[in-house]
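Trainee: The numbers in this note's numbering rise by one with no breaks, and the one at position 451 of the sequence shown is 453. Ideal placement from N, C-alpha and C gives every residue a C-beta, glycine not left out. I have a structure here, written as structure tokens, and I will follow up with some questions on it.
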Amino acid sequence: MFSRQGALLGAFIVLLTFMVCFSRFLLDGRLVVSPMRRAAGSGSEDRRTLICAEHGAAGQQGTASLISVSFNFINSIIGSGIIGLPYALNQAGLPLGLILLMAVAVITDYTIILLIKGGNMSDSSSYQALVHSAFGSPGFLLVSLLQFLYPFIAMISYNITTGDTLTKVFQRIPGVGPDHILAKRNFVITMSTILVTLPLSLHRNLGKLGKVSFLSMVLTLMILIVVTERAATLTPQIPPTEDAWVFAKWNAIQAVGVMSFAFICHHNSFMIYGSLEQPTLRNWSRVTHLSVGFAAVVSAAFAVAGYTTFTGHTQGDIFENYCRNDNVVTLGRFCFGLSIMTTFPLECLVTREVVSNVFYKRELSNLEHVGITLVIVGSCSMLSLLYDCLGVVLELNGVLSAIPLIFIFPSACFLKLSGGRWFHSEKLLPIALLLAGVFLMVTGLTMTGLFPRDCSHGEDPSYCNVSSTVPPN
């Protein structure tokens, strides 16, 4: 069993090693690009720009610089899934959890580039089109189902988190107690849906929603500052838990699902690649290394700060661990609630687009657009009112949707489209990822069903009721 100091030292070494390795790859652009160039020939980088026609960019030449595209990509990776990463470390153990987190980051980096490589090989302009080229209509329908499920379940998790966080924010208003209507999660979820997320979700154009991306990034950094500050001031007041600093725990596979949920951005890859002024594989490699590397460092810092504060008490929504009378954390809760409400319509747009592509195969009329949006948003709201355990939702979405989209489909498409012998040296890593993805998906679903996690909502943790352990305001 590790001591706390030993576990933290190990975590620092893992993070430092990751940063050094990623900085090397960023400088020379060798990760994935070199073997792919060997497979496709020297002219592969000069093939046509892949534009995501589903988002209205077909036929347009990208104009964005590497820095601009990197910022957009970072913003698409660092989302609300970051809030569950301390819980993932609680599931896996701190040292092993950090190793797995960095492994998921590297695999995400690799498979994002693998997707664009497959798109170049098949002249495909979207994830769905790539899978259709490789596996025909059955593959298209399966990946469409997963691309629907991922944002749909994500929207359910956003509503759950909105109810968990904003109720405690409202209780800091004078006169609003635990029995006030503003402290009821069902009321908060319903009103936030009617007043905020539904009106924003009715937008057709992704560009109109893009104005909130910078705000979301700022809010995420503010949340990181709050969690880090509380790790320094609150940790001594939290009761210790057994096996808090062990190397590994039995729920590590479920933790990979949560991490995959936090890192998945593959459904945006073709659109972001197409916005590059010079969309070559080398440029895309640099953008991907920088974006995923930065996101991994921020995610690791957030996960470590959150877990080391509460150790075995850590819940799926880290803000559920803080006392409601903590004013600094109230600011963090407000920032997070606002951030996820502005992210919700982006996921709704993706979900609606999948429905349009599969069932209508044309642009939706105004009536169809409104009707489908109402059904999607209403269904998510109803399910979030019926089920309120965020940790299980994150695990389920990770193993059911994110792992196949990150591990399985990019590798399978590359293997199918590249031809030749399967046991060529260049294909060994995709084969390993394919097998690992199948194993993680099946095992993760089984463990999530057999060993469900308990969670609590609305009530302060027991350590908040002890006068000597009330966090400073």
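Which same chain residues, not among the five before or five after Ala305, have their C-beta less than 6 Å away from its C-beta?
Mentor: Same-chain partners within the cutoff: Leu87, Pro88 and Leu91.
Trainee: Short of 7 Å in beta carbon distance, which residues of its chain neighbour Met343, apart from the five on each side in sequence? Order them along the chain.
Mentor: Around Met343: Thr164, Ser194, Val198 and Thr199.
Trainee: Rounded to whole angstroms, how far is the Cβ of Val395 from the Cβ of Ser159, which I believe are closer than 8 Å?
Mentor: That pair is a contact at about 5 Å.
Trainee: Here's the rule I'm using: 16 or more other beta-carbon atoms within 10 Å means buried, otherwise exposed. How should Asn161 be labelled?
Mentor: Buried: at least 16 other Cβ atoms inside 10 Å.
Trainee: Just mark Ile155 as buried or exposed, buried being the case when its beta carbon has 16 or more other beta carbons within 10 Å.
Mentor: Ile155 is buried by the Cβ-count criterion.
Trainee: For Cys495, report the span of its alpha helix (DSSP H) as first-last.
Mentor: Only positions 3 to 475 of the chain appear in the structure, and residue 495 is not among them; the question remains open.
Trainee: What residues in its chain sit with their C-beta under 6 Å from that of His134, if we drop five residues either side in the sequence?
Mentor: Here the set comprises Phe142.
Trainee: Under 8 Å by Cβ, that's how I've got Ser271 and Ile118 pegged, so tell me the actual separation to the nearest angstrom.
Mentor: Ser271 to Ile118, Cβ: 7 Å. Contact.
Trainee: Determine the extent of the alpha helix (DSSP H) in which Asp166 is found, giving its start and end residues.
Mentor: Element bounds for Asp166: Tyr129 to Phe172.
Trainee: Provide the residue span of the alpha helix (DSSP H) that contains Pro176, from first to last.
Mentor: No alpha helix (DSSP H) holds Pro176; DSSP gives it neither H nor E.
Trainee: Hey, is the stretch 333-351 in contact with the stretch 166-178, meaning 3+ C-beta pairs nearer than 8 Å?
Mentor: A contact exists between the stretch 333-351 and the stretch 166-178.
Trainee: Please report the Cβ distance between Val372 and Leu204, rounded to the nearest whole angstrom; I am assuming they are in contact, meaning their Cβ atoms lie under 8 Å.
Mentor: Val372 to Leu204, Cβ: 7 Å. Contact.
Trainee: I need the straight-line Cα distance from Pro463 to Phe312, nearest angstrom please.
Mentor: For Pro463 and Phe312, the distance between alpha carbons rounds to 11 Å.
Trainee: Taking only runs of the alpha helix (DSSP H) that begin and end inside the stretch 246-334, which ones reach a length of at least 4 residues, in chain order?
Mentor: Segments of the alpha helix (DSSP H) lying fully in the stretch 246-334: 254-265, 271-276 and 283-312.
Trainee: Expressed to the nearest angstrom, what Euclidean distance is found between the alpha-carbon atoms of Ser218 and Met123?
Mentor: Answer to the nearest angstrom: the Cα atoms are 35 Å apart.
Trainee: Would you list, in sequence order, the uninterrupted alpha helix (DSSP H) runs of no fewer than 4 residues that lie entirely inside the stretch 380-466?
Mentor: Segments of the alpha helix (DSSP H) lying fully in the stretch 380-466: 392-399, 411-420 and 430-452.
Trainee: Between Val401 and Pro176, what straight-line distance do the alpha-carbon atoms span, to the nearest angstrom?
Mentor: Answer to the nearest angstrom: the Cα atoms are 42 Å apart.
Trainee: When DSSP labels each residue in this structure, what does Asp111 get in the three-state scheme?
Mentor: Asp111 falls in the helix class under three-state DSSP.
Trainee: Which word fits Val229, buried or exposed, when buried means at least 16 other C-beta atoms lie within 10 angstroms of its C-beta?
Mentor: Its Cβ being crowded by 16 or more others within 10 Å, Val229 is buried.
Trainee: With three or more C-beta pairs closer than 8 Å as the rule, is the stretch 415-423 touching the stretch 256-271?
Mentor: As far as the Cβ criterion goes, the stretch 256-271 does not touch the stretch 415-423, which means the pair count is below three.
Trainee: Going straight from the alpha carbon of His182 to that of Asn188, what length do you get?
Mentor: Answer to the nearest angstrom: the Cα atoms are 12 Å apart.
Trainee: Is Ser67 helix, strand or coil by DSSP?
Mentor: Ser67 falls in the coil class under three-state DSSP.
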